[in-house]
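Below you'll find the structure, written out as structure tokens, and then a few comments.
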Amino acid sequence: MADSTNLSPTPKPWIEGIHAYIPGKSASADGKPLIKLSANENPLGTSPAVHAAMGTAVHPNRYPDPDSRALRKELGAKHDIDPAHIVCGTGSGELLNCAVQAFAGQGDEVLFSRYSFSLYPLLAQKVGATPVMAEDADYAASVDNLLAAVTERTKVVIVDNPNNPIGCWLPADEIARLHSGLPQDVLLIVDQAYAEFLAEGVDDGAFELAAQHRNVLVLRTFSKAYGIAGERVGWATGAPPLIDMINRVRGAFNVSNHGQVAALAALGDDAWIARCRKENAAERARFFDAMEALGNHGIRPLPSEANFVMVLFEGVLTAEAALAAIAEAGYAVRHLPGQGLPHALRITIGQREDMDAVATAIRQAAEAA
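Offset between the sequence shown (1-based) and the working numbering: plus 32.
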């Protein structure tokens with residue numbers, strides 16, 4: 033009999049090749065706590081309505097509603113969508129996982145723009161599919177380049193709109209052009225995690241596409257503008273066959289009692305979202321201007337429609353040196369060399385004093401370089 037003392041289960045080779053998702057840091061290299069501007073969380077926190085609702089008895093000994101019926105009903109009413117065309121998940125991340133799992137596998141390709149949410153390649157790798165990155169256009173997503181990268185193996189195309197980590201945004205005509213250029217058997221996922229930060233009335237048309245076509249899935253989250261990232265609530269809408277497939281593979285009882293209560297309360301406080309949108313836009317513009325003023329030092333901010341700004345360090349001051357200066361000032365921001373951005377920092381928009389402190393740290397480091 034063979035010696036089994038050194039045997040262990042063998043993982044699938046495509047799982048062995050995955051590097052786990054790396055979240056934004058909240059401490060310096062020496063362990064000092066930092067103010068976190070590295071995870072795109074809402075600096076204003078959570079609506080008072082959410083805090084009030086979270087005190088409601090939700091019977092933690094009981095399983096939550098497995099179908100999030102009350103939340104789906106309110107989401108449908110708010111966005112004029114049939115609740116039967118909505119599915120909720122533990123953040124939009126679970127729903128992204130489910131969609132890719134349902135429609136892609138070994139030998140298939142999952143396509144997205146080069147500088148997109150770092151979770152996307154992991155989604156492909158988890159199911160044995162090949163992640164494919166279309167070339168960018170000065171860091172932004174390009175519909176022409178996405179369509180040029182489609183092959184007979186492409187099963188899923190993902191567009192984060194607004195984009196993370198760049199902050200760029202594709203308007204409705206470009207999203208429609210992308211969809212019309214795809215084969216009908218390719219799933220288009222439009223990830224709108226930052227949609228609530230767009231100016232009021234601005235829309236990329238993805239909800240309408242999802243209502244009219246069987247190959248469009250739109251995702252949103254309560255983790256960003258709504259400020260309840262800790263409760264892990266997201267949702268998706270699409271044609272009934274798409275929703276059916278996600279329901280088959282998502283976790284049972286996936287959205288907790290508290291998560292459903294918090295999301296319902298957050299959804300009902302339009303004034304809070306309007307305030308968050310307004311303050312984010314104002315501070316984002318101030319910070320963008322402060323960084324643009326440092327152009328003679330080789331510092332270039334990229335236009336953003338989200339709650340962060342990507343700053344490029346193309347002069348003497350490196351991103352690593354700027355990162356250290358910002359940490360010395362007491363702040364954590366996101367350095368993404370693993371995404372091909374060793375010369376850039378993604379900086380979440382915080383409150384006014386936070387952004388002034390970060391801008392000052394960068395300016396002083398640039399002047400000293």
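C-beta: ideal position from N, C-alpha, C; glycine also.
None of the values given here were measured: they were computed from a predicted structure.
What residues match up with F345 in a beta bridge as DSSP calls it?
I331
Per DSSP, T253 forms a beta bridge with which residues?
G266
What separation, rounded to the nearest whole angstrom, lies between the Cα atoms of L404 and P335?
Given a span of 33 to 401 for the chain in the structure shown, any question on residue 404 remains unanswerable.
Quick check: what's the CA-CA separation for H91 versus N279?
Those two C-alpha atoms are separated by around 25 Å.
Here's the rule I'm using: 16 or more other beta-carbon atoms within 10 Å means buried, otherwise exposed. How should Q157 be labelled?
buried
Given this structure, state the Cα-to-Cα distance separating L202 from Q383, to the nearest angstrom.
The alpha-carbon of L202 is positioned some 27 Å away from that of Q383.
Can you tell me whether Y95 is buried or exposed, with buried defined as 16 or more other CB within 10 angstroms of its CB?
exposed
Could you give the DSSP three-state label for L39: helix, strand or coil?
coil
Quick check on H117: does DSSP put it in helix, strand or coil?
helix
As a quick exercise: from K187, F345, L220, A131, pick the residue whose alpha carbon is nearest that of G121.
If we check each option's Cα against that of G121, A131 comes out closest.
If you follow the beta strand (DSSP E) that D168 is in, where does it begin and where does it stop?
For D168, there is no enclosing beta strand (DSSP E), as DSSP gives it neither H nor E.
With DSSP as the reference, label R366 as helix, strand or coil.
strand
Outcome for S79 when other beta-carbon atoms lying within 10 angstroms are tallied against a minimum of 16:
buried
Would you decide whether T380 is buried or exposed? Buried here means 16 or more other CB atoms lie within 10 Å of its CB.
Answer is buried; the Cβ neighbour count reaches 16.
Residue interval of the alpha helix (DSSP H) (run including K110):
101–111
Thinking P20 and E337 are a contact (beta carbons under 8 Å), I'd like their distance in whole angstroms, please.
No answer is possible for residue 20: it lies beyond the span of the chain, which begins at 33 and ends at 401.
Integer-rounded CB distance, given that A271 should sit under 8 Å from R246:
4 Å
Sequence-distant residues of its chain with Cβ nearer than 7 Å to R104 (five each side left out)
P115, I118, C120
Buried or exposed (CB count within 10 angstroms, at least 16 for buried), T183
exposed
Rounded separation between N72 and E232 - CA only:
Cα-Cα distance, rounded: 20 Å.
Go ahead and label N312 buried or exposed: buried means 16 or more other beta carbons lie within 10 angstroms of its beta carbon, across all protein chains shown.
buried
What residues match up with A294 in a beta bridge as DSSP calls it?
BP columns for A294 are empty, so no partner.
Integer-rounded CB distance, given that A268 should sit under 8 Å from L249
6 Å
Cβ-Cβ distance between A303 and L66 below 8 Å:
Contact: no.
According to DSSP, P163 sits in a beta bridge with which residue or residues?
V142
Alpha helix (DSSP H) containing E280: first to last residue?
Correcting the residue identity first, residue 280 is Arg in this sequence and not Glu. Following the DSSP letters along the chain, one finds R280 inside the alpha helix (DSSP H) bounded by residues 272–281.
So, E415 versus A161, is the Cβ gap smaller than 8 Å?
The structure shown does not extend to residue 415, since the chain spans only 33 to 401, so no value can be given for it.
Indicate whether M342 and A391 have their beta-carbon atoms separated by less than 8 Å.
Cβ distance not < 8 Å, so M342 and A391 don't count as in contact.
For the alpha helix (DSSP H) containing A84, list its first residue and its last residue.
80–86
Going by the CB atoms, is the gap between D223 and V191 shorter than 8 Å?
For V191 and D223, yes; Cβs fall inside 8 Å.
Specify, as a first and last residue, the run of the beta strand (DSSP E) that D235 falls within.
Per DSSP, D235 lies in no beta strand (DSSP E) and is assigned neither H nor E.
Check this for me: beta carbons of G266 and F285, under 8 Å apart or not?
no
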